[in-house]
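Below is one structure, written out as structure tokens, with a few remarks after it.
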Amino acid sequence: MDRLNSRIRIMWLAGVIVLLGSLTWVDSRVQQKPLSKADVFRDMAITYIDELWINVTDNTEWTLNAQAEYGVDSAVLLAFKTLCDKLDRFVPARIPETMAENIWNYARIQVELAGIEGLYGNFRKFQQEPAYKHKMFTRAWLDLTKTVLQDSDTLPSIPSALVSCHSLVMGSEQGNEQLYVLIGKEGENSLCHVQQSPHQIIYNLYNSLQMTQLKGYAMMQFSWMLLRVYGKGNFTLESELMRERYLERMAEQAISLKEALSNADAAYWRCDPKHHVEGETYAQLTRLLQGYIQNEVDLNSQQTCRENCGYYQVTKQHGCYENNFCA
15 MDRLNSRIRI MWLAGVIVLL GSLTWVDSRV QQKPLSKADV FRDMAITYID ELWINVTDNT
75 EWTLNAQAEY GVDSAVLLAF KTLCDKLDRF VPARIPETMA ENIWNYARIQ VELAGIEGLY
135 GNFRKFQQEP AYKHKMFTRA WLDLTKTVLQ DSDTLPSIPS ALVSCHSLVM GSEQGNEQLY
195 VLIGKEGENS LCHVQQSPHQ IIYNLYNSLQ MTQLKGYAMM QFSWMLLRVY GKGNFTLESE
255 LMRERYLERM AEQAISLKEA LSNADAAYWR CDPKHHVEGE TYAQLTRLLQ GYIQNEVDLN
315 SQQTCRENCG YYQVTKQHGC YENNFCA
């Protein structure tokens, strides 16, 4: 029996080592060389949430202080407020709306992003309430966690939205091309209308998608954390698995971005306006070229006047006849 228990413990430890190894591998793929500002924010948020989980699961000084004030649930909400305040300071450049007209993937992904942003807006509203009022909103917080974590294809759902976003970015739905490749091609077709180069469009889109997906990830982690505080379950395994899947998706999207950027044109063209206005859309040059009359007698070395204009394919002044008329 002791041998069996020892064997089970060894297998369990091996499983933990494999899981930690996979997490480290995923982290290194995403975090070693951030491709953009959004990647820096993601790395910061991952570390911040990991440390917050330690405070919630262990009786740290943070936990004791939280219990002495307004409660651990209130402290968790305020901790996520601090995180979200930092995330909201970065506003990615807008993507031209005309890009969605011809790209089905992009139009679909906008719907998913709108769902995430809508729930995030409600999440931020709860964070603005003063701490002494938090106990009044306990039921509303639980309703929010239920909405965030529900896996539904018909109702606003963070898990399904994140899965769908990833599928649309990577082009895995219906065999479509990867989103960044499609965006690069569309940018070349309407280069002057979007006022950004294909390279800029792809990069800005990546930042926008990464930040919205990060908000969804943060809300899911908050929901599991809060449910644990309320004694609804452990939820550490769900949190770790979500972290692993999230980082795997972000790593794949980062690879897709690098491939698209390597082939994207960095040139930027400006369209001609429909109606030109002097002084606003163009400047007229009136003194760049000047003409003068030249006597034929000075255009040949014989000083004759026998040929016509067609004879003089290349003109050269050979003299100034009697100094009567010279340029």
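Under the working numbering, think of the first position of the sequence shown as 15, with each following residue one higher. In this text, a Cβ means the ideal position worked out from N, Cα and C, and glycines have one as well.
Selection from the options that minimises the alpha carbon distance to residue i
i    : options                : result
T96  : I63, T159, K199, L133  : I63
A175 : K160, I215, E131       : E131
K272 : S171, A80, G129, Y217  : Y217
G324 : Y231, M234, N73, E310  : E310
E126 : N79, R284, Q81, V183   : V183
C98  : R56, W118, W67, T77    : R56
Q317 : E336, I307, R301, Q327 : E336
I215 : R108, G230, Q192, E258 : R108
Q210 : R284, K139, E143, Y244 : R284
Q81  : C319, Y244, G333       : Y244
F94  : V54, T71, K139         : K139
C-beta contact flag for residue i and residue j at 8 Å
i    : j    : result
L163 : S253 : no
Y296 : H290 : yes
A52  : P110 : no
I172 : M234 : yes
N69  : T77  : yes
H213 : L299 : no
Cα-Cα separation between residue i and residue j, rounded to whole angstroms
i    : j    : result
N314 : N277 : 59 Å
D157 : F137 : 11 Å
M256 : N73  : 24 Å
S166 : T159 : 14 Å
A145 : G135 : 19 Å
Q141 : W155 : 10 Å
L241 : A232 : 14 Å
S178 : M58  : 25 Å
K246 : R153 : 13 Å
Y220 : L228 : 12 Å
W39  : E294 : With a pLDDT of 36 at W39, under the threshold of 50, the modelled position of that residue is not reliable, and no figure is offered here.
A280 : Y194 : 14 Å
L49  : L66  : 26 Å
N322 : R301 : 29 Å
L133 : L92  : 17 Å
G129 : D286 : 38 Å
C185 : L251 : Correcting the residue identity first, residue 185 is Gly in this sequence and not Cys. Their backbone Cα atoms lie some 29 Å apart in a straight line.
C319 : H332 : 13 Å
T112 : E83  : 51 Å
N79  : T161 : 30 Å
Q192 : E75  : 47 Å
Residues of its chain near residue i, where Cβ-Cβ distance is below 6 Å and the 5 sequence neighbours each way are ignored
i    : result
H180 : R263
Y260 : Y231
Near the ligand HEM: residue i beta-carbon under 7 Å from a heavy atom
i    : result
K288 : Ligands displayed in this structure: none; no statement on the ligand HEM is therefore possible.
Own chain partners of residue i with C-beta closer than 8 Å, once the 5 adjacent residues on each side are dropped
i    : result
F249 : W238, M239, L241, R242
T329 : Q308, L313
T71  : R242, T250
Sequence-distant residues of the same chain with beta carbon closer than 7 Å to residue i, five excluded per side
i    : result
N190 : N119
E292 : Q298
E143 : F151
Y326 : L313
CB contact below 8 Å: residue i versus chain B
i   : result
S88 : The structure shown has no chain B; it contains just one protein chain.
Q) Any chance the segment 135-155 sits against the segment 81-93, with 3 or more Cβ pairs inside 8 Å? A) yes
Q. For the 8 Å Cβ check, are there 3 or more pairs between the segment 256-271 and the segment 217-237?
A. yes
Q | Meets three-Cβ-pair contact criterion under 8 Å: the segment 96-105 and the segment 189-199 | A | no
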